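Using numbering that gives the first Met the number 0, you'd call the opening residue of the sequence shown number 0 and step up by one each time. Idealized CB from N, CA, C, for every residue including glycine. In this text the structure is predicted, and so the values were computed from the model without any measurement.
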Amino acid sequence: MDGAIVYTELHLHTAFSFLDGASLPDDMIARAAELGYTSLAITDHDGVHGAMEFARHAAEAGITPITGAEITLADGSHLTLLAESRVGYGNLCRLLTNIHHGRPPSPVALDEDNGNTIAHPPYPPDVEPDADPTSCLPCPLDAYAEGLILLTGCRHGQLARLVDAGRLAEARHVLEQYVAWFGAPNVVVELQQNFVFGDTKRIARLVTLADQLGLRYAATGNVHYHDKTRHHLQDVIVAIR
């Protein structure tokens, strides 16, 4: 429709985000097609495990797939990266390899009923945000910045945590460091209204920061399932942690 606003979801977790996402890639793509999406991103935690399956179903549905990942930093905060080119995809894969190479194995819990172990994925601990964005990086991000777009992350992102704590000068410093690494055109301030306490105040502060630095911002949904009825399953999955 002429003049209509076209929305592309840029922050989406599938079931390949273990113990977090509650829908498979084909479900996500099918629902996106029903809603008239022309493009859709996949940003599973710390990996591109579902990217090929996602891309295959997207191609069949006539939807442009955008490959990305939500990386977990050493302090537990999140950062969203999207590949905008083949070079960017290669850099994303190299970055993820570097992250996993330098990270200790995920903690495991014993399933006493059958003797199996269940790996627990990283999730944000309740820690103070670090105002130095370099201190919690597994490796220098600027070495992998070419071809990647940085979104500042969900409410567990480094920027959002500082903003929530009222540490606005430090939040600006973090944002300026992102710009130094990726360039202003490739840094997008992420805004999420999931009706969680503090969302509205956080969004206002993030928009102000973005405007001060002349940066773009984008609304994202932090999607974890393709249909609202799946929230029951997602609640159970998260409870297993």
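Residue j and residue i - do their beta-carbons sit closer together than 8 Å?
| i | j | result |
| --- | --- | --- |
| residue 91 | residue 40 | no |
| residue 150 | residue 195 | no |
| residue 244 | residue 36 | With the chain covering 0 to 240 only, the question about residue 244 has no answer from this structure. |
| residue 174 | residue 212 | yes |
| residue 19 | residue 237 | yes |
| residue 165 | residue 191 | no |
| residue 264 | residue 12 | No answer is possible for residue 264: it lies beyond the span of the chain, which begins at 0 and ends at 240. |
| residue 76 | residue 171 | no |
| residue 50 | residue 28 | no |
| residue 145 | residue 86 | yes |
Figure out for me which residue from the options has the closest Cα to the Cα of residue i.
| i | options | result |
| --- | --- | --- |
| residue 184 | 217, 193, 160 | 217 |
| residue 64 | 77, 46, 42 | 42 |
| residue 214 | 166, 7, 205, 15 | 205 |
| residue 33 | 202, 99, 226 | 226 |
| residue 180 | 160, 140, 211, 172 | 140 |
| residue 228 | 17, 12, 15, 22 | 22 |
| residue 82 | 240, 148, 49, 47 | 148 |
| residue 193 | 153, 30, 178 | 153 |
| residue 88 | 68, 27, 156, 77 | 68 |
| residue 30 | 189, 165, 224 | 224 |
| residue 46 | 28, 79, 55, 209 | 79 |
| residue 14 | 3, 48, 5, 38 | 48 |
| residue 157 | 189, 182, 146 | 189 |
| residue 143 | 240, 168, 167, 177 | 177 |
| residue 240 | 208, 24, 17, 52 | 17 |
| residue 168 | 207, 53, 202 | 207 |
Looking at the structure shown, is residue i part of a helix, part of a strand, or coil, going by DSSP?
| i | result |
| --- | --- |
| residue 115 | Because residue 115 sits at a pLDDT of 45, beneath the cut-off of 50, its placement in the model cannot be relied upon, and the following sentence gives the value as read from the coordinates. Of the three classes helix, strand and coil, the one that applies to residue 115 here is strand, per DSSP. |
| residue 89 | helix |
| residue 15 | coil |
| residue 214 | coil |
| residue 195 | coil |
| residue 59 | helix |
| residue 120 | Residue placement at residue 120 cannot be trusted, given a pLDDT of 49 that sits under 50; what the coordinates show is reported in the next sentence. Looking at residue 120 - three-state DSSP - the assignment turns out to be coil, as it is neither helix nor strand. |
| residue 98 | helix |
| residue 227 | helix |
| residue 144 | coil |
| residue 202 | helix |
| residue 5 | coil |
| residue 164 | coil |
May I ask which residues mark the beginning and end of the alpha helix (DSSP H) holding residue i?
| i | result |
| --- | --- |
| residue 175 | 167-181 |
| residue 230 | 230-239 |
| residue 32 | 24-33 |
Is any heavy atom of the ligand MN found at a distance shorter than 7 Å from the C-beta of residue i?
| i | result |
| --- | --- |
| residue 217 | Only the bare structure without any ligand can be found here, which leaves the ligand MN out of the picture. |
Got a sec, what are the start and stop residues for the beta strand (DSSP E) residue i sits in?
| i | result |
| --- | --- |
| residue 48 | Unbroken run through residue 48: none, as it is neither H nor E. |
| residue 148 | 147-150 |
| residue 188 | 186-190 |
Give me the DSSP bridge partner(s) of residue i.
| i | result |
| --- | --- |
| residue 156 | 77 |
| residue 64 | 39 |
| residue 222 | 11 |
| residue 69 | 44, 79 |
Determine, for residue i, whether the minimum Cβ-Cβ distance to residues of chain D falls below 8 Å.
| i | result |
| --- | --- |
| residue 14 | The chain inventory of the structure shown lacks chain D, comprising one protein chain alone. |
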